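**Student:** Just so we're aligned, residue 2 is where the sequence shown starts under our numbering, counting upward by one. Backbone N, C-alpha and C fix where the C-beta goes; we use that ideal spot for every residue, glycine too. All figures in this text were calculated on a predicted structure; none of them were measured in a lab.
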Amino acid sequence: MKKLLITLVAMMFVNAIPTHAQRQTTRGIGVYPGRQSESFAPTLRRNFDYRNTALHRMVYHSSSLDANLTGQLVTDGTVYRGEPCRLQVSMPDGVVARRDAEKLLDGNVHTRLMVKGEDTFVQFDWTAMDVDIDAFDILAEPVYQPGRGTGGYAIDFLASNDGKTWTLVGGERGDGMPGEPTRHTGSNDPNKQEDPVRLPMRLVKKQIPFSKPGRYSHLRIRLHMTGCTYWRFYEARPIRHGREQLALPSSCYTSAWMSAGGADEWLMVDLGTPVIADRVVMHWIHPARRGEILVSKDGDQWQQIGDLGRIKVKGGVQTLRHHFTARYVKLMMRQPDPSGHYALSELQVMGRGGLSAIPAERQGMVHGRYYLNGGDWRLFRDGAADSVLATVPATALQSYINIGAVPNTNHADNLRMVSESFFHSDFTYTTTFDAPAEYEGRHVFLNFDGINWKASVRLNGHDLGRIEGAFMRGRFDVTGCLLPTGNRLEVRVERPAHFGAVKQKTTESTDMNGGVLGADNPTFHASIGWDWMTSTPGRETGIWNDVYLSANGGVSLADPLVDSRIDPADSLATMTPKVWVTNHRDTAVVATLRGWIGAIAFARQVTLQPRESREVTFSPDEFAQLQRQPMHLWWPVGYGKPHLYRAGFALLEGSEQIDSLHYQVGIRQMTYKEMGTRLQFFVNHRRVVPLGGNWGFSETNLCYRGREYDRAVRYHKEMNFNMIRNWVGQTGDRELYEACDRHGLLLWQDFWLANPWDGPDPYDNRLFMANAEDYIRRIRRHASIAIYVGRNEGYPPAELDSALRRQVDLLHPGLGYISSSADDGVSGHGPYRAVEAEEYFTSQSHRLHSERGMPNIPTIESLRRMLSPADLWPIGEGWAQHDFTQKGAQRGSTFLDMMQRRFGPAADARQFAEWAQWINYDGYRAMYESAQQDRQGLLIWMSHPAWPSMVWQTYDYYLEPTAAYFGARKACEPLHIMYNAHTRKVQVVNITPVTHCDMEALIETIDMRGRVIRTDSLWVDAYADATTDVAAVRMPDSLSVGYLRLRLYERGYLRSDNFYVQAASPECYSALKHLPVTRLTLREKFSRQGDTWHGQLTVTNTSDTPTLMIRLCLKGDDGEQILPVVYSDNYFALMPGESRDVTVEFADEDRRDSQPHIEVSAFNGKAE
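Okay, structure coming up:
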């Protein structure tokens, strides 16, 4: 295992041990939650009891047979003696590769195997598991030679329990051709290696009953069809009593690691700290006949302490007695037993000084709520006798990461060190707590803001009820069963029912998006794996959001809304406040409900029958103080300030306050035009051009908290974005909505329906709509909500579509609903690869475009955080694990081709990352500038990364803005001067509602060495909500490469500037590599104001040659970057003698008590 990987993992746990200084700083770059007060992960401390110090310690392996039998399982505390569960799939040409082996059983009707020949077969061989079958559902398309498919067909199912004796158990035969005709055709070559000839195909979709039902461990589908070239086989699902049977090996957990091969293999456990040990115990299933036991203190220098070939194996157990001190223990295996594999169930290292997890302090009382976050939560995997310390809120997987049982899954290929079958499980959380004294004599409720997927809740032995769906709140009246002390809470969390199979990324592609997990929506559908996020073990099962107690006098207030109507003539606001009121008593209640919005107060009497729940409305027809008020309005970025008022309600019974609710509200009105043809958004009657991006997911393990949401949404504001799309509703934290309210970002809110191609429709419409209703009620208070959208790139099922529309109308009046994210009044569907700037201009849909994107390579610092040293260079499998594949939607090959044509081959990762910023900047700027021709809006795919990725983002996972961020920031200026790469004209874009007259546009044509060839000064009126042509521009024929510099002045004040490299052909960029190295000087001054640092920088080019792609990088005096950071500009050019003033802003908590300074680099320059 490479030293840097080990060092990074070590740093993660060093950071987990708090010191006084760390309590004032965040937990480290890329460590989320970053703020100490928002993290409830345990600390890890040395324990000098004699014990198995390898228990629940992270393990790395050289290979594993599949995604289930990984190294993690040798330290999970379970000793298993039998054969590990596994599946082998074969066809006549051999064993199917691991990536494709489960595709007929994964529930995804779009994944497939190509089964070649007139007489052929697919065979399933399960080991240590069998499947109970009385029928088989098959979905296949035979492709055949026309005129030859007349000799009859046979689809036979043969079964066996020993793999030798086979019995015909079912099938179908016929004289003609199987299935039904289809208009589709298939290539004569399924691998498309030859020039294709299109052949006819049939559709075979049917259930074939078995004449001999039973449990079988071997099954062969034997196929005969005269003239058949190959079968596209999509699904082969075993059925019993009408229900699909679990046939994937991930459903059969056996605690063992098994190697993929039988040559040299290794397994290494990281004990987390040096331990003093005297025994290594190995529980083998298939032992190594030759090999060594090695130990190390640093992961670099190794010492052999044992010979596996000389230590006897008794009953599968091999024990080395040897005194040593080490942090790492590695098994090097040289020769397997006759199975051809190594298989180890448990590895124990007996000694003292290993790490133990210490619970985080319970959060406790905050603003009247008693949070159960943190504390003594325990986590039981289903069927396990022992538990581990749990983190709440967090997924089950994250709990295991936090105790050090599995490595940081975001680094390198560490995700594949985690066992899919281990986390394919239900989990039970338990904790104990005392009731707050402040709650005595009041009604007390136990609240859950989010679990995944379903849960049963028990308190002190009482069944409280169920929570069903990942986005459904749970609220239970616990007044009758709450004890003053010693309460025991038990939450059994059920995993999604349709887990699907792991996606395996290769250099070629990231595999198919989505899958059968969509059947369980609402859930975190993206966790099954997409081309921007790797399959997540556990599919986010767990208590992922806050758990807390609340109390009132027996009547609750919830889910407020202020429905505002703004007069277009004078902007006066008429407001209709609403709130849900619920009587939990068995008697009627007469009370006074008071409300306020800023200084405006209102009140009315309400009568509630026993157990009644209803919405109470304050109509402006009844309350004059709610009519036509001069309010500070809430505006999105670029159109005004997002003013928020303090608002709330209080319920009083006589003079006693029963309950109260406090929130912040923005007064604004959303309206729309042409929703079915060319959707237009209006905020307070002003048209808004939606500019922003898609959030596919917050963070791969749901680790974002308030700090991260605030920083990420602030980045969007700084890019001049005004809209975020919550793609498929995958982000469910209130902190996202609060940050958008605060920073002025509109939210496009999808419901939980991915593209129909990416998974089935939900199987339970009732569950879906219950979550939808609760979620609308939960988020409707937020001014940032701009629109609700039924489905991504398609239409919801008719029943859901009409129900969603009704619920939006009923619960969030005034808000729009459209069925599809890419049809009717909006468009979508990419492209998602890098293309030349002109192509963006010529491929406009003339509607709001909801998805368009390209790869975005991070900086070298982030690449080093993301990849192992061995994978850093050249580009290969390690890059593919982080989404940079040659094919697929991102098509990395086109990005590489663009760079190769411009600059030639990069020498190393650093140079590649530096050159990539050119492509990032130009591409992201062009996407937005091209969209400004019609100003209908653009939401790029994507603006935010869910994990360390190399595609579809503007800043990276570690919150470092790339050049793409600054290209987007430039293009989305409300008042902007730009060059149209298609018409070759300079244009001025004004998306504001104000016309700017008599502006000066200065156009300079500059040669490669910085000499100004031509200057044009023109006057232009920038009309409101318009794009105005200024002048045509043509580079002189004498220049193969040069620069176009644009500046826009208003009364002498620079309002916008832009800079383009202009080349006769992409190959002409290479001349820039021969520019002299220039000298840059930097003046910097930093000052602290409260919790924020500000930097004033001046960068000067003191040379007589242009300096290109100047990068500013904020670092501490420890040499590490300070992130996140807001730069006013970056990745810019300076002509000879020019200076640029730049401001920098960052939080004191991110500084690590180090002194900040700026590191300057450039394409062809260096700092003096």
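Could you give the DSSP three-state label for Trp545: helix, strand or coil?
**Tutor:** Trp545: coil per DSSP, three-state reduction.
**Student:** Tell me, to the nearest whole angstrom, how far the beta carbon of Ala371 is from that of Tyr549; I am working on the premise that it is less than 8 Å.
**Tutor:** Looking at the sequence itself, residue 371 is Tyr, so the reference to Ala does not match. Confirmed, Cβ separation roughly 6 Å.
**Student:** Using 8 Å as the cut-off, can you tell me whether the segment 833-840 makes contact with the segment 800-812, which would need three or more C-beta pairs spanning the two stretches below that distance?
**Tutor:** They do not touch, by the three-pair rule.
**Student:** Give me the Cα-Cα distance between Gly924 and Lys888, rounded to the nearest whole angstrom.
**Tutor:** Using only the alpha carbons, I get a separation of about 19 Å.
**Student:** Note the first and the last residue of the continuous beta strand (DSSP E) segment covering Arg781.
**Tutor:** Neither: Arg781 is in no beta strand (DSSP E) and is coded neither H nor E.
**Student:** With DSSP run on the structure shown, which of helix, strand or coil describes Tyr833?
**Tutor:** Coil at Tyr833, not helix or strand.
**Student:** Who does Ile359 pair with in a DSSP beta bridge?
**Tutor:** DSSP lists Thr44 as partners of Ile359.
**Student:** Compute the Euclidean distance between the alpha carbons of Leu609 and Leu653, then round it to the nearest angstrom.
**Tutor:** Distance between the alpha carbons of Leu609 and Leu653: 13 Å.
**Student:** Restricting to Cα atoms, I'd like to know which of Val1143, Glu1150 and Gly1117 is closest to Gly1091.
**Tutor:** It is Glu1150 whose Cα lies nearest to the Cα of Gly1091.
**Student:** Taking only three categories from DSSP, how would you classify Leu812?
**Tutor:** Leu812: helix per DSSP, three-state reduction.
**Student:** Measuring alpha carbon to alpha carbon, tell me which of Gly352, Gln302, Lys298 and Ser1104 ends up nearest Arg322.
**Tutor:** Residue Gly352 is the option with its Cα nearest to Arg322.
**Student:** Can you confirm whether the segment 791-807 touches the segment 819-826 when touching is taken to mean that 3 or more C-beta pairs between the two stretches lie within less than 8 Å?
**Tutor:** Yes, they touch.
**Student:** Examine chain D for any beta-carbon lying closer than 8 Å to the beta-carbon of Asp1130, and answer yes or no.
**Tutor:** The chain labelled as chain D is not found in the depicted structure, where only one protein chain is given.
**Student:** Measure how close the beta-carbons of Thr396 and Gly519 come, nearest whole angstrom, since I'm counting them as under 8 Å.
**Tutor:** Thr396 to Gly519, Cβ: 19 Å. No contact.
**Student:** According to DSSP, what are the bridge partners of Leu1081?
**Tutor:** Leu1081 pairs with Asn1102 and Ala1168.
**Student:** Going by CA-CA distance only, name the one from Ser844, Arg903, Ile544 and His744 that's closest to Val1042.
**Tutor:** For the residues Ser844, Arg903, Ile544 and His744, the minimum Cα distance to Val1042 belongs to Arg903.
**Student:** Which whole-angstrom value describes the C-beta separation of Glu103 and Ala502, a residue pair presumed to lie in contact below a C-beta threshold of 8 Å?
**Tutor:** Contact holds; Cβ gap of about 4 Å.
**Student:** Apply the 10 Å Cβ neighbour rule to Pro34 and answer buried if 16 or more other Cβ atoms are within range, or exposed otherwise.
**Tutor:** Looking at its Cβ environment, which holds 16 or more other Cβ atoms inside 10 Å, Pro34 is buried.
**Student:** In this structure, does DSSP put Ala1064 in helix, strand or coil?
**Tutor:** Residue state, collapsed to three classes: strand.
**Student:** Tell me which residue opens and which closes the beta strand (DSSP E) that Glu616 is part of.
**Tutor:** From DSSP, the beta strand (DSSP E) with Glu616 extends over Ser614 to Thr618.
**Student:** Can you pull the DSSP bridge partners for Val445?
**Tutor:** DSSP, once it has assigned bridges, lists Ala552 as partnering Val445.
**Student:** How big is the Cα-Cα spacing for Asp734 and Tyr929?
**Tutor:** Each residue's alpha carbon lies about 28 Å from the other.
**Student:** Please specify which runs of the beta strand (DSSP E), each continuous and at least 3 residues long, are wholly inside the segment 451-476, giving them in chain order.
**Tutor:** DSSP runs (the beta strand (DSSP E)) wholly in the segment 451-476: 455-460 and 463-469.
**Student:** Following a CB-centred definition, is Gln319 positioned closer than 7 Å to any heavy atom of the ligand ZN?
**Tutor:** In the structure on display, the ligand ZN does not appear, and there are no ligands present to speak of.
**Student:** Would you please state the rounded distance, in angstroms, between the beta carbons of Tyr154 and Met59? I believe it to be under 8 Å.
**Tutor:** Actually they are not in contact, since the Cβ atoms of Tyr154 and Met59 sit about 52 Å apart, beyond 8 Å.
**Student:** Helix, strand or coil: which one does DSSP assign to Val1143?
**Tutor:** Here Val1143 sits in strand by DSSP.
**Student:** Looking only at C-alpha atoms, which of Ala55, Arg99 and Met92 sits nearest to Ser65?
**Tutor:** If we check each option's Cα against that of Ser65, Arg99 comes out closest.
**Student:** Going by DSSP, which residues form a beta bridge with Lys117?
**Tutor:** Answer is Tyr231, bridged to Lys117.
**Student:** Here's the rule: buried if 16 or more other CB atoms are within 10 angstroms of the residue's CB, otherwise exposed. What is Ser572?
**Tutor:** Per the 10 Å Cβ criterion, exposed.
**Student:** Counting Cβ pairs closer than 8 Å, one from the segment 122-130 and one from the segment 773-790, do we hit at least three?
**Tutor:** No, because fewer than three Cβ pairs between the segment 122-130 and the segment 773-790 fall closer than 8 Å, the two stretches do not touch.
**Student:** Just to confirm, is the Cβ distance from Gln954 to Asp532 under 8 Å?
**Tutor:** Cβ atoms of Gln954 and Asp532: not closer than 8 Å.
**Student:** Suppose contacts are defined by Cβ-Cβ distances below 8 Å. Is Val987 in contact with Ala1002 by that definition?
**Tutor:** Yes, the pair counts as a contact, with Cβ atoms nearer than the cut-off.
**Student:** Determine the extent of the alpha helix (DSSP H) in which Leu873 is found, giving its start and end residues.
**Tutor:** Looking at the DSSP string, the run of the alpha helix (DSSP H) that includes Leu873 is Pro870 to Leu873.
**Student:** Whose CA, out of Ala1027, Leu1124, Thr183 and Gly95, lies closest to the CA of Leu204?
**Tutor:** Residue Thr183 is the option with its Cα nearest to Leu204.
**Student:** In terms of DSSP beta bridges, what is Pro578 paired with?
**Tutor:** Per DSSP, Val563.
**Student:** Could you tell me whether the Cβ atoms of Ser950 and Asp909 are closer together than 8 Å?
**Tutor:** It is not a contact, given that the beta carbons lie outside the stated cut-off.
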